[in-house]
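Those sequence lines, one after another, are chains A and B. Each step along the first sequence adds one to the number in the numbering used here, with nothing skipped, and position 47 is 47. Count along the second sequence from 1, then add 207; that gives the number in the numbering used here. Backbone N, C-alpha and C fix where the C-beta goes; we use that ideal spot for every residue, glycine too.
Number of protein chains: 2
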Amino acid sequence: MSVRRERRDAVENRQLILQTAHELFSEYGVQPVSMHQIAKTAGIGQATLYRKYAHKGDLCLDMLHEYGDRLIKEIDRYLTSSSGAPAWERLSGVLDYWIDAIEDKAELLLETEAKMNCDDDRGNFFHSPMYRFSRDKIAGLLSEIAAEDPATDFDPDFAAHAIICSMSPVGYFQIKKERGYTREQIKEHYRRMFVLTARASSVRRQA
Amino acid sequence: MSVRRERRDAVENRQLILQTAHELFSEYGVQPVSMHQIAKTAGIGQATLYRKYAHKGDLCLDMLHEYGDRLIKEIDRYLTSSSGAPAWERLSGVLDYWIDAIEDKAELLLETEAKMNCDDDRGNFFHSPMYRFSRDKIAGLLSEIAAEDPATDFDPDFAAHAIICSMSPVGYFQIKKERGYTREQIKEHYRRMFVLTARASSVRRQA
DNA sequence: GATGTTACCGGACAAATGTCCGGTTGTCAA
DNA sequence: TTGACAACCGGACATTTGTCCGGTAACATC
């Protein structure tokens, strides 16, 4: 049995769905727009929409992919251009990119996160390239930092996962609202929490 | 205008709802049970249920309160009994309690978390005593640890919030499933990540 | 170009979430 | 005790989510 590629009409419908959803979200916001409304506006059937996207979070995640690809490229470029800098500084930079992404795509990310307990792989943020890439890079940087400091023996992958989880949109906006922090202040807090400790022990080691 | 206490029939209904929900959840699990089913089984109207609980996550959070109160007491007792131990050890103990709670109440917590983007205060986990208490205690322990090590200058409250977020049920079960970790292995990972670093720098300082 | 297979289409259907409103009952004050 | 008010009650209703199935059209093969 040969691999059959997606039918042309299916591809067209996918484009149509993404474009329609984008327009509706731009006009009314993400939360108020229903799947029914998207299908109706796009002029397609309900099932056609649900066949492509298991739920709204899944659709939102797909809408984030383009942005995610761009983000991945940007972070990659940043890491290349700053490859001479110490690991803690590069880690700090990556976390900054991540926080900017949360602010830029708050609504889509919140919607995605809300439906993330789905056991199926589709529409699960943890299977997205954006998460995978970020976790790998953060883990790599943590490894570099750990290599300089023999006292730290945490698992870099686990730690990277924990760091990303600690930056979940709900948690981010919760503390931001509660304390009235600006985006830059939160970046600074994350730096102090995850980065400066590493840097400090590294500096202390050199002394 | 005097403060009017909850009407007797309202109190009775609340008890009835909690008991009915508990029975249904025990028999079928949390996710498969609908609000309609709960109301019908309890023999009350749909609106009566929704008046008390804005959504299923809100109901789950209320069901967690009894457990949460017990947890708070346990942690408090533990902290009192181990007040002589170093701060990093007590922090480790608190995190263990928290992970046990995630495992014990996985379903209810996942349901609560899924509906947490609600802007209204009702049914928001971040306003629960369980979260407040844990954050305060963790922040206090972090302060103690930081006091011993002048190199760390993170904000204890912010750090405590980040630690709790990093332990969100979805993230917890994601990494657990992906790696096939046991509960004890994850506890160990969190220890290494958040506790041993502090301990190490403290030991290094003494040397 | 004809043909069989197969994925796709979308309206209709089922079920869950969330809201409204006329009727009822507990509670407070007189 | 009684009357008035406010909170509560619950069935019916509206909206949203998610699924089924008969019909249609694209793609591979001949």
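Task: Neighbourhood of M337 of chain B by C-beta, 6 Å cutoff - its chain only, sequence neighbours within 5 removed - done: Excluding positions up to five away in sequence, the list reads G275.
TODO: Evaluate T359 of chain B with the Cβ neighbour count: other Cβ atoms within 10 Å of its Cβ, from every protein chain shown; 16 or more gives buried, anything less gives exposed.
DONE: Only buried fits T359 of chain B, as 16 or more other CB atoms lie within 10 angstroms of its CB.
- [ ] Flag C60 of chain A as yes if its beta-carbon sits less than 8 Å from any beta-carbon of chain B, otherwise no.
- [x] C60 of chain A is outside the set of residues whose beta carbon lies under 8 Å from a beta carbon in chain B.
Task: R179 of chain A, DSSP secondary structure in three states - done: Assigned with DSSP and collapsed to three states, R179 of chain A falls in helix.
Task: Own chain residues within Cβ distance below 7 Å of K383 of chain B, not counting five before or after - done: Non-local beta-carbon contacts of K383 of chain B in its own chain, meaning distances under 7 Å to residues more than five positions away in sequence, involve I393 in chain order.
Open item on the list: For H227 of chain B and A261 of chain B, what's the separation of their Cα atoms in angstroms?
Closed with: Reading off the sequence shown, one finds Thr at residue 227 of chain B, where the question assumed His. Computed Cα separation, rounded: 17 Å.
Task: Start and end residues, alpha helix (DSSP H) containing G264 of chain B - done: It spans K263 to S288 - the alpha helix (DSSP H) in which G264 of chain B sits, taken as one unbroken run.
- [ ] Please report the residue range of the alpha helix (DSSP H) in which I17 of chain A lies.
- [x] Run containing I17 of chain A: R8 to Y28, per the alpha helix (DSSP H) assignment.
Task: Same chain, Cβ closer than 6 Å to D364 of chain B, neighbours up to 5 away in sequence not counted - done: Excluding sequence neighbours, D364 of chain B sits near A346.
Open item on the list: Counting only Cβ pairs nearer than 9 Å, list the residues of chain A close to I309 of chain B.
Closed with: Per Cβ cutoff of 9 Å: no residues; I309 of chain B is ~12 Å from chain A at best.
Open item on the list: Check whether chain A comes within 8 Å of Q381 of chain B, counting only Cβ atoms and requiring the distance to be less than that.
Closed with: Yes, Q381 of chain B counts as interfacial toward chain A.
Open item on the list: Within 10 Å of its beta-carbon, does Y235 of chain B have 16 or more other beta-carbons around it, so buried, or fewer, so exposed?
Closed with: Burial check for Y235 of chain B: the Cβ neighbour count within 10 Å stays below 16, so the residue is exposed.
Task: 8 Å Cβ cutoff, S143 of chain A in contact with chain B - done: With a threshold of 8 Å between beta carbons, S143 of chain A makes no contact with chain B.
- [ ] Could you round the C-beta distance between G300 of chain B and Y285 of chain B to whole angstroms and report it? I think they count as a contact, below 8 Å.
- [x] The Cβ separation is near 6 Å, so the contact holds.
- [ ] Note the first and the last residue of the continuous alpha helix (DSSP H) segment covering R90 of chain A.
- [x] A87 to D104 is the extent of the alpha helix (DSSP H) around R90 of chain A.
- [ ] Look up S209 of chain B in the DSSP assignment and say whether it is helix, strand or coil.
- [x] A caution first: S209 of chain B carries a pLDDT of 47, below 50, which makes its placement in the model unreliable, though a value can still be read off. Three-state result, S209 of chain B: coil.
TODO: State the Cα-Cα distance for the pair A414 of chain B and A146 of chain A, rounded to the nearest angstrom.
DONE: Note that A414 of chain B scores a pLDDT of 49, beneath 50, so its modelled location is shaky; the value from the coordinates is reported in the next line. One C-alpha to the other measures close to 20 Å.
TODO: Give the interface partners of F340 of chain B over in chain A, defined as CB-CB distance under 9 Å, in chain order.
DONE: Proximity of chain A to F340 of chain B at the Cβ level (cut-off 9 Å) is not reached, the minimal Cβ distance being about 16 Å.
Task: Distance CB(A308 of chain B)-CB(N117 of chain A) smaller than 8 Å - done: Taking a C-beta distance under 8 Å as the contact criterion, A308 of chain B and N117 of chain A do not qualify as a contact pair.
Open item on the list: I'd like the list of long-range same chain contacts for S350 of chain B, defined as Cβ closer than 8 Å, with 5 residues on each side in sequence excluded.
Closed with: Within the same chain, S350 of chain B has close Cβ partners P363.
- [ ] Check each residue of the stretch 148-159 of chain A: if its Cβ is closer than 7 Å to any Cβ of chain B, include it; give the result in chain order.
- [x] Listed by position along the chain: A151, T152, D153, F154, D155, F158 and A159.
Open item on the list: In whole angstroms, give me the CA-to-CA distance for A241 of chain A and K137 of chain A.
Closed with: Residue 241 of chain A lies beyond the stretch modelled for chain A, which goes from 1 to 207, so this question has no answer here.
Open item on the list: Under 8 Å, CB to CB, which of the residues in the stretch 14-37 of chain A have a partner in chain B?
Closed with: Answer set for the stretch 14-37 of chain A: empty.
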